[in-house]
Each structure stands twice: as C-alpha cells, then as structure tokens.
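Participant: If you're matching positions, the sequence shown starts at 57 in the working numbering and goes up one per residue.
C-beta atoms are modelled at their ideal positions from N, C-alpha and C, and glycine is treated no differently.
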Amino acid sequence: MRIAELTIKEMYDVIVVGAGHAGCEAAAAAANTGAKTLLITMQLQNMAQMSCNPAVGGIAKGQIVREIDALGGYMGIITDQTAIQFKMLNKSKGPAMWSPRAQSDRMRFSEAWRLQLEKLPNLDFFQEMVTEVLIEGDKAVGVKTSLGSEIRAKSVVLTNGTFLNGVLHIGLKTLGGGRAGEKAATGITECLVAHGFEAGRMKTGTPPRVDGRSLDYSKMTPQPGDENPEKFSYLPLTKPLAHQLDCYMTYTSEQVHDILRTGFDRSPMFTGRIQGVGPRYCPSIEDKINRFADKDRHQLFVEPEGWHTVEMYVNGFSTSLPEEVQYEALRKVAGFEQVKFLRPGYAIEYDYFPPTQLKATLETKLVENLFFAGQINGTTGYEEAGAQGLIAGINASRKVQEQSPFVLKRNEAYIGVLIDDLITKGTEEPYRMFTSRAEYRTLLRQDNADARLTPMGYALGLASEERMRLLEEKEAKTAAFVQFFKETSITPEEANPLLAKYDSSPMKQGDKMAKVLARPNITVADFMELPQVREFADAQQLSKEVLENTEIEIKYAGYIEKEKNNADKLNRLEDIRIPENFNYDKLTSLSFESREKLKKIRPTTLSQASRISGVSPADISILLVYMGR
Numbered sequence: 057m058r059i060a061e062l063t064i065k066e067m068y069d070v071i072v073v074g075a076g077h078a079g080c081e082a083a084a085a086a087a088n089t090g091a092k093t094l095l096i097t098m099q100l101q102n103m104a105q106m107s108c109n110p111a112v113g114g115i116a117k118g119q120i121v122r123e124i125d126a127l128g129g130y131m132g133i134i135t136d137q138t139a140i141q142f143k144m145l146n147k148s149k150g151p152a153m154w155s156p157r158a159q160s161d162r163m164r165f166s167e168a169w170r171l172q173l174e175k176l177p178n179l180d181f182f183q184e185m186v187t188e189v190l191i192e193g194d195k196a197v198g199v200k201t202s203l204g205s206e207i208r209a210k211s212v213v214l215t216n217g218t219f220l221n222g223v224l225h226i227g228l229k230t231l232g233g234g235r236a237g238e239k240a241a242t243g244i245t246e247c248l249v250a251h252g253f254e255a256g257r258m259k260t261g262t263p264p265r266v267d268g269r270s271l272d273y274s275k276m277t278p279q280p281g282d283e284n285p286e287k288f289s290y291l292p293l294t295k296p297l298a299h300q301l302d303c304y305m306t307y308t309s310e311q312v313h314d315i316l317r318t319g320f321d322r323s324p325m326f327t328g329r330i331q332g333v334g335p336r337y338c339p340s341i342e343d344k345i346n347r348f349a350d351k352d353r354h355q356l357f358v359e360p361e362g363w364h365t366v367e368m369y370v371n372g373f374s375t376s377l378p379e380e381v382q383y384e385a386l387r388k389v390a391g392f393e394q395v396k397f398l399r400p401g402y403a404i405e406y407d408y409f410p411p412t413q414l415k416a417t418l419e420t421k422l423v424e425n426l427f428f429a430g431q432i433n434g435t436t437g438y439e440e441a442g443a444q445g446l447i448a449g450i451n452a453s454r455k456v457q458e459q460s461p462f463v464l465k466r467n468e469a470y471i472g473v474l475i476d477d478l479i480t481k482g483t484e485e486p487y488r489m490f491t492s493r494a495e496y497r498t499l500l501r502q503d504n505a506d507a508r509l510t511p512m513g514y515a516l517g518l519a520s521e522e523r524m525r526l527l528e529e530k531e532a533k534t535a536a537f538v539q540f541f542k543e544t545s546i547t548p549e550e551a552n553p554l555l556a557k558y559d560s561s562p563m564k565q566g567d568k569m570a571k572v573l574a575r576p577n578i579t580v581a582d583f584m585e586l587p588q589v590r591e592f593a594d595a596q597q598l599s600k601e602v603l604e605n606t607e608i609e610i611k612y613a614g615y616i617e618k619e620k621n622n623a624d625k626l627n628r629l630e631d632i633r634i635p636e637n638f639n640y641d642k643l644t645s646l647s648f649e650s651r652e653k654l655k656k657i658r659p660t661t662l663s664q665a666s667r668i669s670g671v672s673p674a675d676i677s678i679l680l681v682y683m684g685r
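(1) Suppose you measure from the CA of lysine 732 to the CA of glycine 234; what does that come to, to the nearest Å?
(2) Tell me which residue opens and which closes the alpha helix (DSSP H) that arginine 525 is part of.
(3) Taking glutamate 601 and valine 580 to be in contact with their CB atoms under 8 angstroms, please state how far apart those CB atoms are, rounded to whole angstroms.
(4) Which residues in the same chain as methionine 185 place their Cβ atom closer than 7 angstroms to its Cβ, once the five residues preceding and following it in sequence are excluded?
(5) Give the single residue among Ile124, Ala91 and Cys80 whose Cα lies nearest to the Cα of methionine 106.
(6) Once DSSP output is grouped into helix, strand and coil, what is the label at threonine 547?
(7) Beta-carbon within less than 7 angstroms of tyrosine 640's beta-carbon, same chain only, minus the 5 sequence neighbours each way: which residues are those?
(8) Give the list of continuous alpha helix (DSSP H) stretches no shorter than 4 residues that lie fully inside the stretch 329-390.
(9) I need the boundaries of the alpha helix (DSSP H) containing aspartate 624, first residue and last residue.
(10) Put valine 463 into one of helix, strand or coil per three-state DSSP.
(11) Check this for me: beta carbons of valine 112 and glutamate 439, under 9 angstroms apart or not?
(12) Going by DSSP, what residues sit across from leucine 94 in a beta bridge?
(13) Buried or exposed: alanine 505, going by 16 or more other Cβ atoms within 10 Å of its Cβ?
(14) In the DSSP assignment, find the alpha helix (DSSP H) that holds methionine 144 and state where it starts and stops.
(15) Based on the DSSP output, what are the partners of glutamate 405 in its beta bridges?
(16) Excluding the 5 residues preceding and the 5 following glutamate 649 in the sequence, name in chain order all residues of the same chain whose CB lies nearer than 6 angstroms to its CB.
(17) If you compare alpha carbons, which of Thr294, Cys303 and Lys344 is closest to leucine 271?
(18) Considering only the beta carbon of each residue, do glutamate 630 and lysine 465 sit closer than 9 angstroms?
(19) If distances are taken between C-alpha atoms only, which option among Lys295, Gly332 and Arg353 comes closest to aspartate 701?
(20) Assess, as a yes-or-no matter, whether the stretch 261-280 is touched by the stretch 406-423 under the definition of 3 or more beta carbon pairs within less than 8 angstroms.
(21) Helix, strand or coil for serine 270? Go by DSSP, reduced to three states.
(22) Of all the options Tyr406, Pro280, Thr375 and Thr417, which has the alpha carbon lying nearest to the alpha carbon of proline 360?
(23) What's the gap between the Cα of alanine 152 and the Cα of aspartate 582?
(24) From this set, Tyr615, Asp559 and Lys530, which residue's C-alpha is nearest glutamine 597's C-alpha?
(25) Ignoring anything shorter than 3 residues or poking outside the stretch 223-254, list the beta strand (DSSP E) runs there in chain order.
Structure representation (structure tokens):
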C-alpha cells in the first residue's frame, strides 16, 4: 500500500482515468500544456491497445489523425513509427475525400505509446481500478480506487471505453470484461447516476483472430499498400515506409451464410440478451446477412497484426455467434479451409453517457471539472477517441490554469464537427465520423490540417516551434509556386502535347499556366515536363506536399472560396451567444418541442441551437428577434 499512500499525498492538476486512445492523448495534452497529470489504468502494459482492427485512419478518420498531429498530439507520429502498410483512400475522387489509412504493428503501437508518454516529465502513472469519482459541491475533486485509496486532483477526465460494466458475449455464454482476458470496471457508472447523470448501453464486436500459418493466400487477392506511400505526421521524425506488408481479400459465400444462420437462435443479438445498440457502419457478419439478404457474398480482409507475428485479423467477420459456428463457417471461406483460431470473435456490451450532457469543452454540465472523452460518449473508433481525448486534456489543463477554453468550430476541423454533433444531437448508436457529416469538407482536407490547426496548437503550447517553422516554409513555397503558375505564360506548342494526353481541346493562343492546370485531369506532374517549371521547382527545392497543395489551390480555388463564404455566413450565427442561464420558458412563441430541447442541451450559440433536432428555422427567427438582431 506504500505506493498508494505516496500517490494520495500528491495533489494533481488533472487525473485521466483509462489509458486507451482517448486517455493517452488526454494525458499527453494535459501534461504538455503544463498540468501535473496522473494517468490511472487497470493494466499499464495495455496502454493504447488496438482492441479491434490493427489500423489507424480511413475515410474521414485519416483527416482526424492528421488534425491530432497538427495540434501536437501523438497518434499520427506513433502510427508512422509502427506502420506496416500505408494507403491513401479515395484517390480517384476529389482531394476533399482523400483519406490516409495505415495498418499498424499492434504490439509495437502500444509499446511506442507507452515509451512516448514515459518521456513526459509532467506525467505520472498508476495501475489501479477507479471505482468512484470524488465529487464535492458539484465539483470533481479526485477519484477513489478499488483498494480504497483517494487521489485528489483539480480536474478528472474519464476515458473508460468499453470497460464500464462491460459484458462479453459469445453465443449463449456471457462473462464480465472490458476486453477479452481483462476484467470490467465497476462503480463509476453507479456513482455518476447517483449524481444525476443519464447512462445507456451500447455494444460493439470484434472478429476472430486466426493463425496466419494456417491460411492459403494463393486463394485470396493481395491488397498491397501504395506504391509511393505517404505518412500521417507533418514532422520529419519518421520516413515513409520503404517496405510494406500485404493484406489479402477473400469472400464469404451462400454456404458460409447458411452455416452462420444455424447459430442465429443462439446469437445474443437475436435472442434479446444484448440490449445495447451496435455500430451501424461496422455491422457483425450476422447483421450483414440479416440486413443485406439480397447479397450472396461479403468481402473479408485478412490483416496482419504486425511485422513478425502470425496473428491475423479477419476484417468483416465481426461476430458473437457460438465459437463452433464461427469456426465451421470460416472454414468454408476460400483460403480458410485449414484455419486455426487464436481466439473467437465476441460482442461486448458497455455503459456510455449520452453526450448531450457535455459542454463543447467536453466538461460535464452537471459536475464542474469533470470531463468525458472517447467511447464513454457513445463514439466508436480509435481516431474519434483520440481526438476527444486531446480536446478534453487541453481543456482540463486550461481550466485548472484559469485559461480560456479551447473549442474548434465545424468549419475549422473534423474534430469540431465530431464534438458539435455529439453535444448537440447526441447519439443513439455508436457514432463514427464520415466526410459527409462535414458541411465544409473542401476546407477540412487531410493535406491542409497543419495550415488550419498548427497555429492554434502552437498558441496552446502543444505544437512545437519546429512544426510552426515547417508550416511557414510550406505555405511560403506553395504561395510562390501558385504565383508562378498565375504569372507564367504557356504557348500552344508547349501546352498541346500535355492536353492531347487527356483528349482536352487544344489551345489556339498562349495563356497563363494556372488556366491550363485548372482543366480536368491535368496535373502539376504533367507541367514538370516543361523545363521552366522543372527549373523553378528544383531551385526552390519544392517537396511533394508543396506540389500537391499548389495543384489543389489552383484547381479548386472556386470551390474553396465558395465554401469559405458559406462558412463565414455560419459564423455570423456562431458569434451570437446565448447566455448560460437563459430562460426559454418566457419565450411562449417557441414550439413546445423546441423549448424542451433547448432547455436540455443549453446551446451556447445561435448556430448550435439551429442544429438541434426539433428546433425549426422559425424558432431560430424568434430567438434572433429576442436577441435584438
């Protein structure tokens, strides 16, 4: 007990509970912005565990990772350090849709995170289960552990993920746990409900892990990484991968589906034993068979869990069916005829707290200095969790230091969209990010996350001098290259061979290069064939990023400008603030539904009020009139 006693005597600025993806980013952000921080977790060796697929990024998620990096978080750097494959998704579409994704070495990822956190002088660690948040006079003042130790702090960040009263389901069997082989966390939900919080149940699932040595890859389609891979972090600490591992694709069949159906009467999803709502966008294989009955096959991706391990992740086969059914069905998949399981798939049911109970800083409305981040808020995904952790860690630290809160707007970052969606609309099912959730996705691209957020990260004390210098250098070089294209003329003799490649109509007279580059399919790479462009690029030592940024700026100038104007209009409503204790009951002309919703969510601006489901444009007009606009 000596360690516990020593810990108790210490007064912390911020305690972070849970060391998953949200907890690690929160602890790092708090410590790096000057707060004396303690990270408490049940297993120190499982920090930043990839409980599900060994991958980071993906559609809209990759943008979030780049935003975390631009602000000075670590998910991007750690992914680059431990990646085994890199892909830029949606390259055939416009740049607003490009999304980076990497496969990671699962064990190395967790280790790299721990080693990174151990380098932070302001951060302490403690292995224990937190069973209670200490609340005095509606303020969080610390935590209590299962051994009865009380640890005091000025603020508390809860990032408990799937551990809150977690229950694992495999067929008809249920066992308590937050993850396979790890016990659930108890006490916190009960403590918070007693203080007036509303809690709900959600579920998620995971596929079986199999022995790669038992698979026949000749029957599958290889899925290699990009020929010229990029990376997540804007810092030059890591290099793009020179060597990558392949993933593989195969398919289920009607025969596989028929075998799976034999277990439906023992599926916890269909027997009603699981009450929680599962993720719509990552359904279990039994869900897919049920919902998409017209499809006779579904894609499966076989993803390596690391450089050297034989463990493989079967993406697309998430299930909670009895293990013998999982095994029998999987053996009928091409390449899996001799499959050996390392562990079966399972579903997990856990507590969450509807996020409409939070402010934009992720502080709870009911209890001051208490912050929630990650799956506790009803989200799914490492990236969504990491982003919330970062924002909660920054704000817990700033609150303690009596600094102004840090909030990202919807036109500034996907992180802003994520948090605004959660606190304004809430979520009935595990929330994941998509590019379609952002109204201003042309502005919120993965390539410009540094331009959007690094100055903010630098002002917060998170992003380093080096990040700012690199950004300024990139922006200056991009501006100079854009200017070069706008000012330099091109003759029909130079341009027409380029245009002919893409069946674009030939030029009859000379014009500025920017005009030609703005045409469909024409790229900066095409222009590099011209001596004057090549000479300029070589003399300025322009990087691949600068070439890409220049192309986007010239090609999409009109769209970007239009979106900026739309965002400015939104921000005018964003600037009209609603007083914290505003009495909606005196506005009798508001509809009943609108009044109830506004009282519950208590939006801070008129813009946020307009996004609440059930609040009509007429209600917003009434509020506008009342506020003298």
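Facilitator: A quick look at the data gives this:
(1) Outside the displayed range of the chain (57 to 685) lies residue 732, so it cannot be described from this structure.
(2) Bounds of the alpha helix (DSSP H) holding arginine 525 are 521-543.
(3) Not confirmed; about 12 angstroms, so no contact.
(4) Contacts found: Met98, Thr201, Ser202 and Ala241.
(5) Ranking the options by Cα distance to methionine 106, first place goes to Cys80.
(6) The answer is coil: DSSP assigns threonine 547 none of H, G, I, E or B.
(7) Correct list, in chain order: Leu646, Arg651, Leu654 and Lys655.
(8) If you keep only unbroken alpha helix (DSSP H) runs of at least 4 residues inside the stretch 329-390, you get 341-347 and 379-386.
(9) Counting along the chain, aspartate 624 sits inside the alpha helix (DSSP H) bounded by residues 613-630.
(10) Valine 463: coil per DSSP, three-state reduction.
(11) Inclusion of valine 112 and glutamate 439 in the CB contact set at 9 angstroms is warranted, their separation being smaller than that value.
(12) Beta-bridge pairing links leucine 94 to Ile71 and Asp180.
(13) Classification for alanine 505: buried.
(14) No alpha helix (DSSP H) contains methionine 144, which is instead part of the beta strand (DSSP E) from 139-145.
(15) Its beta-bridge partners are Val223 and Lys259.
(16) The residues are Gly670.
(17) Checked all of Thr294, Cys303 and Lys344; the closest Cα to leucine 271 is Cys303.
(18) Taking 9 angstroms as the Cβ cut-off, glutamate 630 and lysine 465 qualify as a contacting pair.
(19) One cannot answer for residue 701 here, as it falls past the ends of the chain, which runs 57 to 685.
(20) Flag = no, the stretch 406-423 and the stretch 261-280 do not touch.
(21) The answer is helix: DSSP assigns serine 270 an H, G or I state.
(22) Closest by alpha carbon: Pro280.
(23) Near 22 angstroms, if we compare the C-alpha coordinates of aspartate 582 and alanine 152.
(24) Of the candidates Tyr615, Asp559 and Lys530, Lys530 places its Cα closest to the Cα of glutamine 597.
(25) Inside the stretch 223-254, DSSP marks whole beta strand (DSSP E) runs of 3 or more residues at positions 223-226 and 229-232, from first to last along the chain.
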